[in-house]
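> In the numbering used here, the protein residues as written are 2 to 320.
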Amino acid sequence: MLVWVMAALGLVILLLAGDALVRGAVNMSLRLGIPALIVSLTIVAFGTSAPELLIAISALDDNAPGIALGNVIGSNTANVLMVLGVPALMATLATSGCDTKKNFIFMMIATVGFIALASLGVFTWVSGVILLAMLAVVLGDAFLMARKHRRENGASSEEDELEDLEGADPDMPWWRIIVFFVLGLVGLPLGADMLVDSAVEIARMFHVKETVIGLTLVAIGTSLPELATTVMAAIRRQADVALGNVIGSNMFNLLAIIGIASFISPIPVDPSVMRFDIWVMLGASLLLVPFVWLKQDINRVWGIILTALYAAYMAIVLI
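Below, the structure is given as structure tokens:
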């Protein structure tokens, strides 16, 4: 029982610390005069992936690479099937009006590239260079598109960028910024260590592979912020936020998390993951095609289908 409590506590600390780090970093950057555009494309994007990154680093330090890889693959599957499926049970996501084709193409290229590197059997620093180079291309394109949008919309665009930055407060006092920053920097490794240590212990208790715990318990936990964001987007009828959040999160998981972690230590690919889970991740990604290309809304029927598929996947993995 205690190990489950420690896992839950580690997850809560991890998520709260990640939010604190983003708030501190965002407002420190704004106070230092860094444009909101740059902040949103770099600090927020990397900051929201900080929990997954710290889990990967902690798992590698604890000699549990299966948790690091399982978390990324499991999170990407959960992001499509659970994070889009569950909110659609409550309200239709009007994705027919969203234009996310380019980002979807980037995500699929990242997914196929990730699978190709995984087929080599291990992610090395060379794999990391390739993944981070792909991430640089994605960020570069986003930066150019955002600059073009700013030129076309002028001062109103700058105001919108500032409003879109969650937790942004250009007038936040320095002491609060430092408190947020310190809480994030202390809490992230603490929460990651607690969660990973508990996950390893749970895997031993139930005699399952660490990869399975990464694919299920840890992946669902680290997908909770995306789920919360998507639920709010569904309630507010902001389908573009929901779909964009999933696509962006999946790209960062594949390119940034494994890209950075592979510099710390080689990440072996479990043969069972290569036989099944990685293809489930690809299949889940392809399920976005009707919403991105065929202009379909994610209605309750789709919500039932996506949620049922995720439940079936969980059952297969755990049985």
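Note that beta-carbon positions come from the ideal geometry of N, C-alpha and C, so glycine has one too.
#1: Looking only at DSSP bridge pairs, what is Leu94 linked to?
#2: With DSSP collapsed to three states, give me the class of Pro269.
#3: Tell me the residue span of the alpha helix (DSSP H) that contains Gly11.
#4: For Leu307 and Ala95, which I take to be in contact (beta-carbon distance under 8 angstroms), what is that distance rounded to the nearest angstrom?
#5: Cβ of Met195 within 8 angstroms of Cβ of Ile58?
#6: How about the segment 93–110 and the segment 237–254: do they share at least three Cβ pairs that are nearer than 8 angstroms?
#7: For a quick check, are the C-beta atoms of Val84 and Thr223 less than 8 angstroms apart?
#8: Span of the alpha helix (DSSP H) holding Trp176?
#9: Would you kindly check if the distance between the Cβ of Ile299 and the Cβ of Thr93 is under 8 angstroms?
#10: Mapping DSSP to helix, strand and coil, what is Val281?
#11: On the CB-based measure, 16 or more other CB atoms within 10 Å of its CB, does Leu310 come out buried or exposed?
#12: Where does Ile317 land, buried or exposed, given buried means 16+ other C-beta within 10 angstroms?
#13: Who are the Cβ neighbours of Met173 in its own chain at under 6 angstroms, not counting the five residues just before and after it?
#14: Beta carbon of Leu191: closer than 7 angstroms to some heavy atom of the ligand ZN?
#15: Helix, strand or coil: how does DSSP classify Val123 here?
#16: Short check: CB of Ile259 to CB of Ala79, under 8 angstroms?
#17: Going by alpha carbons, who is nearest to Met282 out of Asn72, Gly67, Val4, Gly34?
#18: Taking Ala18 and Gly215 to be in contact with their CB atoms under 8 angstroms, please state how far apart those CB atoms are, rounded to whole angstroms.
#19: Near Leu16, what residues of its chain come up, given a Cβ to Cβ distance below 7 angstroms and the 5 sequence neighbours on each side ignored?
#20: Quick one: give me the first and last residue of the alpha helix (DSSP H) that Val209 is part of.
#21: CA-CA distance, Pro291 and Asn77?
#22: Which class does Thr101 belong to by DSSP, given the choice of helix, strand or coil?
#23: Taking Arg276 as the reference, give the member of Arg24, Ile116, Gly86, Leu33 with the closest Cα.
#24: According to DSSP, simplified to helix, strand and coil, what is Asn64?
#25: Using beta-carbon positions only, say whether Arg1 and Phe181 come within less than 8 angstroms of one another.
#26: In whole angstroms, what separates the C-alpha of Glu202 from that of Phe105?
#27: Take Trp126 and list the residues in its own chain whose beta-carbon comes closer than 7 angstroms to its own, dropping the five residues that flank it on each side.
#28: Where do the ends of the alpha helix (DSSP H) carrying Ser224 lie?
#29: Gly114 to Leu10, Cα distance in whole Å?
#30: Would you report the Cα separation of Ala285 and Ala111, rounded to the nearest angstrom?
#31: According to the Cβ coordinates, are Ser250 and Val4 closer than 8 angstroms?
#32: Can you list, in chain order, the residues of its chain with a C-beta nearer than 7 angstroms to that of Phe107? Leave out the 5 residues immediately preceding and following it.
#33: Would DSSP call Leu288 helix, strand or coil?
Well, looking at it:
#1: Taking the first residue of the sequence shown as position 1, residue 94 is located at position 93. Beta-bridge pairing links Leu94 to Ile299.
#2: Walking along the sequence shown from the start, residue 269 turns up at place 268. In this structure, Pro269 counts as strand in the three-state DSSP scheme.
#3: Position 10 of the sequence shown, counted from the first residue, corresponds to residue 11. Taken as a continuous stretch (DSSP letters only), the alpha helix (DSSP H) holding Gly11 covers 3–32.
#4: Residue mapping note: residue 307 aligns to position 306 of the sequence shown, counting from 1. Residue mapping note: residue 95 aligns to position 94 of the sequence shown, counting from 1. About 16 angstroms; that fails the 8 angstroms criterion.
#5: The residue labelled residue 195 in the question sits at position 194 within the sequence shown. The residue labelled residue 58 in the question sits at position 57 within the sequence shown. No, these two residues do not count as a Cβ contact at 8 angstroms.
#6: yes
#7: As a position in the sequence shown, residue 84 is number 83, starting the count at 1. As a position in the sequence shown, residue 223 is number 222, starting the count at 1. Not a contact, by the Cβ cut-off of 8 angstroms.
#8: Within the sequence shown, residue 176 is the residue found at index 175, counting from 1. 175–206 is the span of the alpha helix (DSSP H), which, as asked, contains Trp176.
#9: Against the sequence shown, residue 93 aligns to sequence position 92. Against the sequence shown, residue 299 aligns to sequence position 298. Yes.
#10: Mapped onto the sequence shown, residue 281 falls at position 280. Here Val281 sits in helix by DSSP.
#11: In the sequence shown, counting from the first residue as 1, residue 310 sits at position 309. The C-beta of Leu310 has 16 or more other C-beta atoms within 10 Å across all chains shown, which makes the residue buried.
#12: Numbered from its first residue, the sequence shown carries residue 317 at position 316. Counting Cβ neighbours within 10 Å, Ile317 comes out exposed, since fewer than 16 surround it.
#13: By 1-based counting over the sequence shown, the position of residue 173 is 172. Non-local beta-carbon contacts of Met173 in its own chain, meaning distances under 6 angstroms to residues more than five positions away in sequence, involve Asn28 in chain order.
#14: Within the structure as shown, the ligand ZN is missing, as the structure has no ligands at all.
#15: In the sequence shown, the residue the question calls residue 123 occupies position 122. Here Val123 sits in strand by DSSP.
#16: For the purposes of this step, residue 259 is taken as residue 258 along the sequence shown, with counting starting at 1. For the purposes of this step, residue 79 is taken as residue 78 along the sequence shown, with counting starting at 1. No, they are not a contact pair.
#17: The count along the sequence shown starts at 1 and reaches residue 282 at position 281. Ranking Asn72, Gly67, Val4, Gly34 by Cα distance to Met282 puts Asn72 first.
#18: Taking the sequence shown and counting its residues from 1, one reaches residue 18 at position 17. Taking the sequence shown and counting its residues from 1, one reaches residue 215 at position 214. Wrong, their Cβ atoms sit about 20 angstroms apart, outside the cutoff.
#19: Mapped onto the sequence shown, residue 16 falls at position 15. Around Leu16: Pro52, Leu225, Pro226.
#20: If you number the sequence shown from 1, residue 209 lands on position 208. Where Val209 is concerned, there is no enclosing alpha helix (DSSP H), given that its DSSP letter is neither H nor E.
#21: In the sequence shown, counting from the first residue as 1, residue 291 sits at position 290. In the sequence shown, counting from the first residue as 1, residue 77 sits at position 76. Looking at the two C-alpha atoms, the distance is approximately 18 angstroms.
#22: Within the sequence shown, residue 101 is the residue found at index 100, counting from 1. DSSP places Thr101 in coil when its eight states are reduced to three.
#23: As a first step, residue 276 must be located in the sequence shown, where it is residue number 275. Selected option, being the one with the closest Cα: Ile116.
#24: Your numbering for residue 64 matches position 63 in the sequence shown. In the structure shown, Asn64 sits in coil (DSSP, three-state: anything other than H, G, I, E or B).
#25: Because residue 1 is not part of the residues shown, which for the chain are 2 to 320, the question remains open.
#26: The residue labelled residue 202 in the question sits at position 201 within the sequence shown. The residue labelled residue 105 in the question sits at position 104 within the sequence shown. If I take the Cα positions, the gap works out to 37 angstroms.
#27: Working through the sequence shown from its first residue, we reach residue 126 at position 125. Ser263, Phe264.
#28: Against the sequence shown, residue 224 aligns to sequence position 223. It spans 220–236 - the alpha helix (DSSP H) in which Ser224 sits, taken as one unbroken run.
#29: Translated into the one-based positions of the sequence shown, residue 114 becomes position 113. Translated into the one-based positions of the sequence shown, residue 10 becomes position 9. If you take the alpha carbons of Gly114 and Leu10, they lie about 35 angstroms apart.
#30: Residue numbering aside, residue 285 sits at position 284 when the sequence shown is read from its first letter. Residue numbering aside, residue 111 sits at position 110 when the sequence shown is read from its first letter. Distance from the CA of Ala285 to the CA of Ala111, rounded to the nearest whole angstrom, comes to 14 angstroms.
#31: Within the sequence shown, numbered from 1, the residue matching residue 250 stands at position 249. Within the sequence shown, numbered from 1, the residue matching residue 4 stands at position 3. Taking a C-beta distance under 8 angstroms as the contact criterion, Ser250 and Val4 do not qualify as a contact pair.
#32: As a position in the sequence shown, residue 107 is number 106, starting the count at 1. Spatial neighbours of Phe107 in its own chain (CB-CB distance under 7 angstroms, excluding positions within 5 residues in sequence) are listed in chain order as Val139, Met252.
#33: Start at 1 with the first residue of the sequence shown, and residue 288 comes out as number 287. Looking at Leu288 - three-state DSSP - the assignment turns out to be coil, as it is neither helix nor strand.
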